[in-house]
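Novice: One structure, as structure tokens, below. Some questions next.
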Amino acid sequence: MPAPGPAATPVPGPSDPPAPEPPAPATSAPVSAPTPPPAPAPAPDPEPVAAGPRRPGDRLDSPVPGPGEEPDEPAGGPDPDAAPRPDRGPAVRCPNCRTENTPDRTLCLRCGLLLDPGPPPELPLSWWRRILGRRSRRRALPAAGTRPRRRLWRRPGLAIPLTLVILAAAVWFVRPHLSEAFDFTKDSTGTPEELRPIRVRGSSALSDHPPRDAFDTYTNRFWVPAEAGPGLGEYLEADFEEPVRMLKLVVFAGRSAKEDEFLAQARPAALTVTLRSAADELTEKRITLKDQPGQQTFDVRGSDVVRVRLAIDDVYGNGPGRRPAVAEIEFFGRR
């Protein structure tokens, strides 16, 4: 029978609590508190990474976070548990600066241009299209490689006949005034010319002072009636070779344009001018003269005039043995 060995010493297990130490004997000396360790210094902020040079319109491969910002993804890579970002669709390129923008943007990120202006607003129809009820139709563009068909015959519409009827009615109503409008335009823009009569006559005359002396372009020869007196109703008359457009009438009253000879005879104070047209229509106008020598011009207008009569209505300086004298008469207008 074997001999017994030494007794085994028990080893405390991991779950056995340590044996309590005996309390230290109380002493009357004070115990100082332990000094805390110094706090570690804060780490300096990381310097921002400078971006490399790039041209306008180039996209960055990865956005560089600025100071105080956190990167979109951790350095270790994307979080597998994070939800996937929704696809926003293809980028919209700005037609002005060529910058790509997200599809949900309305204005360009760089220049502020309206990215999608939408269809243009429909313009209001004109009044004649609203009346006729015809809307403008946009012709579709032909497909590539095809030639559009040409329509040789067009169906007549209502617009052209209606326009012609309106124009014809307008011309019919304004026809009497068209010639006056044309004459007024020519009179305002053109220069009148002297109209020389081919025949002249008078109601009466002295043998030394016939009617032709009042139309000979000389102001020192004159016409007077045959009988002395005021000569009311006495007249001068001139005929033209062809119908003319009368514009101006020039009268030199008295026997001469000189001051000392002007008062030697009576002078007409008022004349009645009668214009006779080629259609035998009469136009009368009364003019009043000043008692002074020299030229006096009057606005006397008439169309297709073939004859002019000037009758004496009143006189200046009448007296015994005196007669109203007219030195010169001139007509101006267009042929």
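With full-length UniProt numbering, the residue at position 144 of the sequence shown is 144, and numbering never jumps. Glycine included, every Cβ here is placed at the ideal spot set by N, Cα and C. Small disclaimer: the values here were computed from a predicted structure and weren't measured.
What do you reckon, are the CB atoms on E328 and T219 nearer than 8 angstroms?
Specialist: Walking along the sequence shown from the start, residue 328 turns up at place 328. Walking along the sequence shown from the start, residue 219 turns up at place 219. Yes, they are a contact pair.
Novice: Have a look at the DSSP bridge pairing and note the partners of Y316.
Specialist: Taking the sequence shown and counting its residues from 1, the one referred to as residue 316 is at position 316. DSSP lists R267 as partners of Y316.
Novice: What do you reckon, are the CB atoms on E233 and A170 nearer than 8 angstroms?
Specialist: Here residue 233 is taken as the residue at index 233 of the sequence shown, counted from 1. Here residue 170 is taken as the residue at index 170 of the sequence shown, counted from 1. One point to set straight first is that residue 233 is Gly, not Glu, in the sequence displayed. No, Cβ-Cβ distance for G233 and A170 is not below 8 angstroms.
Novice: So does the stretch 278 to 287 actually touch the stretch 158 to 177, counting three or more Cβ pairs closer than 8 angstroms?
Specialist: Taking 8 angstroms as the limit for Cβ pairs, the verdict is that the stretch 158 to 177 does not touch the stretch 278 to 287.
Novice: Classify L206 as helix, strand or coil using the three-state DSSP reduction.
Specialist: As a working note, residue 206 is residue 206 in the sequence shown. Strand, per DSSP.
Novice: G319: buried (16+ other C-beta within 10 angstroms of its C-beta) or exposed?
Specialist: Position 319 of the sequence shown, counted from the start, is the residue given in the question as residue 319. It is exposed - the Cβ of G319 has fewer than 16 other Cβ atoms within 10 Å.
Novice: Just checking, does the stretch 270 to 283 make contact with the stretch 193 to 205 on the three C-beta pairs under 8 angstroms criterion?
Specialist: No contact exists between the stretch 270 to 283 and the stretch 193 to 205.
Novice: If we call anything under 8 angstroms between Cβ atoms a contact, is V308 one with S277?
Specialist: Residue mapping note: residue 308 aligns to position 308 of the sequence shown, counting from 1. Residue mapping note: residue 277 aligns to position 277 of the sequence shown, counting from 1. For V308 and S277, no; Cβs fall outside 8 angstroms.
Novice: Can you find the residues in the same chain that come closer than 8 angstroms, C-beta to C-beta, to T106, ignoring five residues on each side of it along the sequence?
Specialist: One-based indexing of the sequence shown puts residue 106 at position 106. Closer than 8 angstroms at the Cβ level, and outside the excluded window around T106, lie L114, L115 and D116.
Novice: By the DSSP assignment, the alpha helix (DSSP H) with I131 in it spans what residues?
Specialist: Here residue 131 refers to the residue found at position 131 when the sequence shown is read from its first residue. W127 to L132 is the span of the alpha helix (DSSP H), which, as asked, contains I131.
Novice: Pull up the distance between the alpha-carbon of L206 and that of M246, whole angstroms please.
Specialist: The residue labelled residue 206 in the question sits at position 206 within the sequence shown. The residue labelled residue 246 in the question sits at position 246 within the sequence shown. Cα-Cα distance, rounded: 29 angstroms.
Novice: Please confirm whether L195 and G294 have their CB atoms less than 8 angstroms apart.
Specialist: Here residue 195 corresponds to residue number 195 of the sequence shown, with the count starting at 1. Here residue 294 corresponds to residue number 294 of the sequence shown, with the count starting at 1. No, these two residues do not count as a Cβ contact at 8 angstroms.
Novice: Using the beta-carbon count (16 or more within 10 Å), is G302 buried or exposed?
Specialist: Looking up residue 302 in the sequence shown gives position 302. The residue is buried, with at least 16 neighbouring Cβ atoms inside 10 Å.
Novice: Starting from D260, trace the alpha helix (DSSP H) both ways and give me its first and last residue.
Specialist: Mapped onto the sequence shown, residue 260 falls at position 260. E259 to F262 is the span of the alpha helix (DSSP H), which, as asked, contains D260.
Novice: Is there at least one non-hydrogen atom of the ligand SAH closer than 7 angstroms to the beta-carbon of R201?
Specialist: No copy of the ligand SAH occurs in the structure displayed, which carries no ligand at all.
Novice: Just to confirm, is the Cβ distance from Q265 to R212 under 8 angstroms?
Specialist: By one-based count along the sequence shown, residue 265 stands at place 265. By one-based count along the sequence shown, residue 212 stands at place 212. Not in contact: Q265 and R212 (Cβ atoms no closer than 8 angstroms).
Novice: First and last residue of the beta strand (DSSP E) that includes D239?
Specialist: Numbered from 1 along the sequence shown, position 239 holds the residue referred to as residue 239. Unbroken beta strand (DSSP E) run through D239: Y235 to A253.
Novice: Just confirm the distance between the C-beta atoms of L132 and A159, as a whole number of angstroms; I'd bet it's less than 8 angstroms.
Specialist: Stepping through the sequence shown from its first residue, residue 132 is reached at position 132. Stepping through the sequence shown from its first residue, residue 159 is reached at position 159. Yes, L132 and A159 are in contact; Cβ-Cβ is about 6 angstroms, under 8 angstroms.
Novice: Beta-carbon of G302 versus every beta-carbon of chain C: anything under 8 angstroms?
Specialist: In the structure shown, chain C does not exist; there is a single protein chain.
Novice: To which residues does DSSP link R93 through a beta bridge?
Specialist: Working through the sequence shown from its first residue, we reach residue 93 at position 93. E100.
Novice: Which residue comes first and which comes last in the beta strand (DSSP E) that contains F222?
Specialist: Here residue 222 is taken as the residue at index 222 of the sequence shown, counted from 1. Careful: F222 lies outside any beta strand (DSSP E) and carries neither H nor E.
Novice: Strictly by DSSP, which residues pair up with S277?
Specialist: Residue mapping note: residue 277 aligns to position 277 of the sequence shown, counting from 1. Partner(s): V305.
Novice: Closest by CA to I198, which one among P230, L236 and E242?
Specialist: To locate residue 198, count along the sequence shown from 1; it is residue 198. Here the closest residue by C-alpha is E242.
Novice: Can you tell me where the beta strand (DSSP E) holding T283 begins and where it ends?
Specialist: The sequence position of residue 283 within the sequence shown is 283, counting from 1. L282 to T288 is the extent of the beta strand (DSSP E) around T283.
Novice: Exposed or buried, which one is R130 when buried takes at least 16 other CB atoms within 10 Å?
Specialist: For this step, residue 130 is matched to residue 130 along the sequence shown. Per the 10 Å Cβ criterion, exposed.
Novice: By the DSSP assignment, the beta strand (DSSP E) with F215 in it spans what residues?
Specialist: Taking the sequence shown and counting its residues from 1, the one referred to as residue 215 is at position 215. Neither: F215 is in no beta strand (DSSP E) and is coded neither H nor E.
Novice: In the DSSP assignment, find the unbroken beta strand (DSSP E) run with G333 in it and report its ends.
Specialist: To locate residue 333, count along the sequence shown from 1; it is residue 333. From DSSP, the beta strand (DSSP E) with G333 extends over V326 to R334.
Novice: I need the DSSP call for A311, collapsed to helix, strand or coil.
Specialist: Residue 311 sits at position 311 when you count from the first residue of the sequence shown. Here A311 sits in strand by DSSP.
Novice: So A325 packs on V224, CB below 8 angstroms; how close in whole Å?
Specialist: In the sequence shown, counting from the first residue as 1, residue 325 sits at position 325. In the sequence shown, counting from the first residue as 1, residue 224 sits at position 224. Right, the Cβ-Cβ distance comes to about 5 angstroms (below 8 angstroms), so this counts as a contact.
Novice: Can you list, in chain order, the residues of its chain with a C-beta nearer than 8 angstroms to that of P22? Leave out the 5 residues immediately preceding and following it.
Specialist: Looking up residue 22 in the sequence shown gives position 22. Confidence in P22 is poor, its pLDDT being 48 and thus under 50, which makes the residue's placement too unreliable to answer from.
Novice: Would you list the one or two residues that DSSP bridges to E227?
Specialist: Here residue 227 corresponds to residue number 227 of the sequence shown, with the count starting at 1. Answer by DSSP bridge pairing: none, since E227 is not bridged.
Novice: Exposed or buried, which one is S256 when buried takes at least 16 other CB atoms within 10 Å?
Specialist: Residue mapping note: residue 256 aligns to position 256 of the sequence shown, counting from 1. Looking at its Cβ environment, which holds 16 or more other Cβ atoms inside 10 Å, S256 is buried.
Novice: Please go through the same chain and pick out, in chain order, the residues whose beta-carbon is closer than 8 angstroms to the beta-carbon of G190, but skip the five residues on each side of it.
Specialist: Reading the sequence shown from its first residue, position 190 is the one you call residue 190. Around G190: R334.
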